[in-house]
Amino acid sequence: MTRTCAKSLSLLFIWLLSCSSPSPDSAVRVRLAQDPESLHPLSYGNANALQIFNLVYQSLLTVDLKDNSVQPLLAAGLPQVRRDDSLAYFTYTIRPEARWDNGSPITAADVAFSLKLLHSPLLDNERWRAQYHFIKDIQVNKENPTSFTIVCSGYTPEMKLMSGDFFVFPAYQFDPKGTLAAVSYSLIRQKFDSLSQTSTFKEFAAFLNNPSIATDTATIKGSGPYQFISWNAGQAVMLDRKKTWWADKVATNKKTLIANPSRIVFQIIPDNAAAVLALKARQVDLMDNLPLVTFQEMKKDPAYTQHFNFYSPLSYDLVYMGMNGTNPLLKDKVTRQALAHLVNVPQVIKTIQGGLATPTVGLIHPKEKEFYHGSLPPFGFDPEKAKTLLKQAGWQESSSGWERNANGRTQRLELELLHRAGNSEFESFALLFQQNAKAIKIPVTLRALESSQISERLKARNYDLFLRTLVSTPLSYNLVPILHTSNAAEGGSNITGFGTPNTDQLLEKIAQEERTQEKAALLKQLQEKMQEESNFVFLYFMQNKLAISKQIDSVVVSSLKPGYDLLRFTKRK
Amino acid sequence: MEKPKTPSPLAWKEKLAFLWLVLFTCAAGLSQVWISLGYDVQAVPEEAYRPPFRLMQHLLGTDQLGRDVLLYLIHGCRTSWLLAFPPMALATLVGILSGTIAATLGNNGLKISLGKLFLSGLLLLALFYFYPLFQWSTRQWSGAFQFAVYIGCALMISYPLVKVSQKSFFKWGNKKVTIPVDEGLQKIIGIWATFPKLLLLLILTLFTPFSILTLMFWICATYWVLPARVSRGMVLQLQKESYYETAQALGIPFKRVFTHFMWPQLKGPLLTNFCFAASGLLGIGSTLAYLGIGLPADVPSWGKMLANARFSLEAWWLIAFPSVVLLASIFSLQVIGHKFSSQAKA
Amino acid sequence: MTLPQVSLRVLKFFFTLWFTVSCVFLVSRLLPSVNNPRGLADADSTVYGTSNQNTLQKITSDYLTRTGYNRPLFYFSFQLKGLETAENIKPMAEATRWLSAAVLRHGVVPSQAFYKEWQNWKKTAPPEKVNQLQEHLQRWAGAELNEEISSLKKMISRFLQTTSSDENSLSKTWGKLISQNAPLSYHLPLLRWHGKDNVYHAWLSGLLQGDLGTSTVDYKPVYQKIGSALHVSVGLGLLGLLPALLASYLLGFAFTLHPTSVYTSVLRHFLYFLDSVPGFMITLVVFGIYFLAGGSLLVPFSSGEPDLLQTMGTPPVLLGGLCIAFFIIPHLTLQFYHSLQTQSRSLYTRTAMAKGLSYRRSLRVHALPNALVPILTLLSEVVIGLVSGVLIVEITFSLQGIGSLLVKSILSNDYPVVVGITLFLLVFRLAVTTFTDFLYLVLDPRNQSNT
């Protein structure tokens, strides 16, 4: 009887193996670490959902992942810019060939609809309302239905991309009753509160806040080259190239209108170890953010190098340690500088990142040669210097630690370092920093928290130190929201309390400046100031670790998200 | 077919298990001594990934940050020990207390006069009401001290008050209400047992910052259920037996009945449960660490080492040694648990 | 049972349900960043497309109005009398903190005077002075120890005196403020009644109308989300449980029949070993072997909602089922074997054998029913555990069962789903325990002989 049991178990196992053999098809299989969760046009779940969205919907402009340049996508060309004292006007024309799936042309009315959608009341669009707050109005050209002008308040060079960087949705599909067409954009923004009381808007909100809009693959249709075939929640998402896509007929300026793979399958495998096994078994063609050890090992092993190419492109993800400038302990910059001298960046890069990271002195990527302050020496690891700086800041060394007297109260230099739970790189850095601090008698407590708990504490300015990733970009140097003192109070994005009147002026100038040389000079000044203030201790820009199957030709890896250009891939059988 | 059973001498397996557990506890103690001397595991990144059995100073090799594996495992012993034994002991104690109380009081055992209940409620309300005032007027004291003094004073005032109010001034105040203690406990156990332990622990740890202490607390809060059930069931069963009735008839106080008659009977199943639950806890503790939840980065743990090493078989010693230590500890606890359970049955 | 007894039990059950779910709801409203609009919480972690403070604050407050979260949480709350008095002044957002501290410490009249003077001064004073004073005041409000408070008080007085002469009125009102003391009654809490207009009431009335709400992530009705997660969990559970039942039955029987065989001893030791291996190790080993043998996790794409059989046929669920079987076989087998062994030693089995039945037959006919009874309780626990999800399996094979749905919902503040799952698990548990009690009545041979 024992034997029967064993037999049945092994039979089950063999059946399991037999019912699943790798299918040699032409689909490009990409590993995703997370389910997209929601594919609602306004409240999509996460970065993975955005990646899928980019295949289905299109915006006016896009960034070419090959050379990080801004290119027209739905628009026929880059916008024409006109400025007066407080407003900027960006005039676009949509490509005449652009069509929705039902054959009707994409017009300025669709763009206006999409913009209104981002600002309508009763919808989950808070994120977009904040991001596109600067768009004041849209003026549709009466003679040419494909031409329109976007009116923005103020002017920063980034608007040349941002004014065209939202998805254009088909109005006929998301607003069949024409609720939004009846109200002008400026009216929606002005009468936000009163419109939310009207029954038409309530009805519209009920229509849009609906599971079918968020998850039904039939309603998720746009002007992009791919259409949804299926989405097995938590398992896989499959997209097919449209047989007839409007851009196939386009003759000019086709640089960004490419879509090579005939089928793309996103395989969702949350567990890293499981994903590595799937990669090794060649179940997926592409995996990014490989664990360091695996990456190094697979690169050495001929069994894997014959099937995979390995890439480690630079990325703009900047890892930094933030210090709370509003905390009495860390109020003066000398103390902060002292702590900055306790970080051993070269060692961290070598051991935690295996050398696959770029050290930096500021939040500009060293790759951006004209803006990066290459002649500014980094602080370096120097505990003795740290001690002198601490003494300079009024701290006295005692047998148990550092103390000083402030307003009738003895302060002790004891710090808490927040970092996201489950991130082993942050954990390792935190450990090394704690060890360095302990060597000069500064006790540091490590606190691993869920990211929402960290956000909450940062928002309330209730912290000493934290570790975080800042997604920087070469396309925007508008740093006012995260560095200006006017955004330093609770609710603002300047979470470290950085800033002096001097840096505020610098930031305002940088945001406005268009000439490269002047901008570079200002940015270099800012980098110097930021190092002096030391609210941020910049560790490194990460490098992505990618493995891509050798079956795939014309691979383009990029330093911008998602790190590779799927649309250019072609797969051999 | 059946032989009369005598308490068998320890088999070699059990001896080994005991030896291992003693070693385990010693390692935990050693680690505690080291930590109190400020002698932690040092990360020396230059020494990362040394294979084992080559160098005397790194007998079992080093990990990705250059920490000595042997030292790390010994410190991991302390973590595992702290997460398994003290919370489990406390949970067992809580379980015995609540289970025994529920079983002896039953649904009709606890009767309180309405007047007393009312008075205590009133006092509690006053306690709550005046605390901010007290806090303000004693603001130069530290928070914990303040609280302790307040509770102490409140108890000193309210205890005699409740005690004195034997006879209430109102008629309704002498009426007694019964409190269904047993049913209450059953309900709480029911709710607690709805979620599996790992899931419950995972959710609870998300609410508090990660640290050994909070994790110990949550483990205690999760694991008291089974001992409570066991002791409740046993006490109910024992109450039906004749000696209990005799003891009651003789007027022997409950404390004595418990220590002399019930405890010897309860001991076996509870010890068995303790061993199995502790072995389960070792597994769950390492699973939590594996998922990256519950412990801060500077607390060494076997599960964390496994989680970090699982991507590669090249550094086999980072998988092999913690696995061996973890499995050996779990296994020894199970062996001893089986020993207790067979003893209890004999 | 009589009708009143039954209705009392039902009433008690509903009370438990209400109490638990209310607690879960209230706790879930205390989770961090529950009052942040989705996607705005991490607005500070990217350079591109970030807005300034005023916009963010306006949008957050619009969000709170839209969702109704700006209302009080419960029917009543407690607040210190002084704080309520301070609130009645209706100060600007930046002054709220230090003004309430001022009222609590020094009374409402001088505080109000100072606040008015401060508002006037702010209009003309240089911005860095305003910022400095604001910082000092905030620190003074946050200070706890007596010495610290008084030294900060002195510092602010000095600061106000040193600033130019026409601000002397501000300095004077400050002096007046700190010379007075607030009445002690300001430190007594007041009960504030909020009435029906609160978050809890709105949620409860929705729940009583049978409306569990919709998920805040993808707008799906909660019952639908739980339904599809349950689909996976049930598939997984059945795939694990049924083979495990069969295997433990066969193994337990075989062990009892051949207690001295080498196979038995080896297998038993193996099962003891398997019982002690943590779940994540088993899962990873199964997963690794499967992949190294060339297996694949690819799920055949299907249109529409797959039925239970289809779900059970997909590789991840099959593998997960296998792991679950490995989790429960040892415990179940050993318990069954143990229970069977005890029964086989009992008198009636011997009697049966004396009557001429074979050992095997006497076991099957007489010992088995008795041996099954204690297994029932164990089984009901296993079933309850399985339905709430085997988390480690769900994570490794990326299956969206109940367990991972619960964890995910907590992390994304999807409280309707959290409450829904809690409700479901409680009801399910009750159903299973009731069913087990019923089975006891039917199966227990002692009960049968009585009837």
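Chains as they are written, first to last, in numbering that gives the first Met the number 0: chain A, 0 to 572; chain B, 0 to 345; chain C, 0 to 450. For glycine and all other residues, C-beta sits at the position ideal for the given N, C-alpha and C. Computed from a prediction, not measured in an experiment: that's the story for all the values here.
Distance from the Cα of B/Q264 is smallest, within the candidate group B/A248, B/Y242, B/F275, B/S97, for B/Y242.
Two segments are said to touch when three or more pairs of C-beta atoms, one from each, lie closer than 8 Å; by this definition the region 265-279 of chain B does not touch the region 393-403 of chain A. Taking 8 Å as the CB threshold, C/N167 stays off the interface with chain B. The Cβ-Cβ distance between A/A180 and A/V139 does not fall below 8 Å. Contact between C/L398 and C/V265 does not hold, since their C-beta atoms are separated by about 33 Å, which reaches or exceeds 8 Å. The secondary-structure analysis by DSSP pairs A/A280 with nothing; it has no beta-bridge partner. Residue-level contact check: B/R138 does not touch chain A, since none of the beta carbons of chain A fall below 8 Å from its beta carbon. Going by DSSP, B/M261 is part of no beta strand (DSSP E) at all; its letter is neither H nor E. Under the DSSP assignment, A/R335 falls outside any beta strand (DSSP E), being part of the alpha helix (DSSP H) whose first and last residues are 332-339. Chain C places a beta carbon closer than 8 Å to that of A/N406, counting this residue as a contact. Secondary structure of B/A296 (DSSP, three-state): coil. The continuous stretches of alpha helix (DSSP H) do not include A/E367, and DSSP gives it neither H nor E. DSSP places A/E415 inside the beta strand (DSSP E), whose first and last residues are 414-419. In chain order, L375, T376, S379 place their CB closer than 7 Å to the CB of C/T435, counting only its own chain and leaving out the 5 sequence neighbours on each side.
Inter-residue distance for A/P327 and C/T123 is about 28 Å (C-alpha atoms, whole angstroms). In the DSSP assignment, B/V180 falls within the alpha helix (DSSP H) that extends over 180-191. Using beta-carbon distances, A/Q434 counts as an interface residue toward chain B, with a partner under 8 Å. Under the Cβ distance rule, B/F310 counts among the residues neighbouring chain A, one pair being separated by less than 8 Å.
At the C-beta level, A/K241 and A/Y225 come within 8 Å of one another. Around A/L355, the same chain offers S311, Q542 as residues with beta carbons nearer than 6 Å, after the five sequence neighbours per side are excluded. Cβ-Cβ separation between C/G251 and C/Y336: approximately 4 Å, consistent with a contact (criterion under 8 Å). Put simply, the CB of B/W135 is near chain C, with a gap under 8 Å to one of its CB atoms. B/K186 sits close to C/T15, with the two beta carbons spaced by under 8 Å. A/D66 counts as exposed, since fewer than 16 other C-beta atoms from the protein chains shown sit within 10 angstroms of its C-beta.
For A/T495, the three-state secondary structure derived from DSSP is coil. When C-beta atoms of the region 40-57 of chain A are compared with those of the region 219-228 of chain C, fewer than three pairs fall below 8 Å, so the two segments do not count as touching.
Contact between A/L416 and A/F465 holds: their C-beta atoms lie close to 7 Å from each other, under 8 Å. At least one C-beta of chain B is nearer than 8 Å to the C-beta of A/G421.
Taking a cut-off of 8 Å on C-beta distances, the region 90-99 of chain B does not touch the region 110-126 of chain B, as fewer than three cross pairs fall below it. The three-state secondary structure of C/G355, taken from DSSP, is coil. Neighbourhood of B/I329 in chain C, by CB distance below 7 Å: S275, in chain order.
Per the C-alpha coordinates, the member of C/H365, C/F158, C/I148 positioned closest to C/E127 is C/F158. Within chain C, the residues placing a beta-carbon under 8 Å from that of B/L205 are I409, L410, ordered along the chain. Here C/N51 really is in contact with A/V479; their C-beta atoms are around 7 Å apart, less than 8 Å.
When C-beta distances to chain A are compared with 9 Å, the residues of the region 65-95 of chain C below that value are R65, A92, E93, in chain order. C/W117 carries a helical assignment under DSSP once its states are collapsed to helix, strand and coil.
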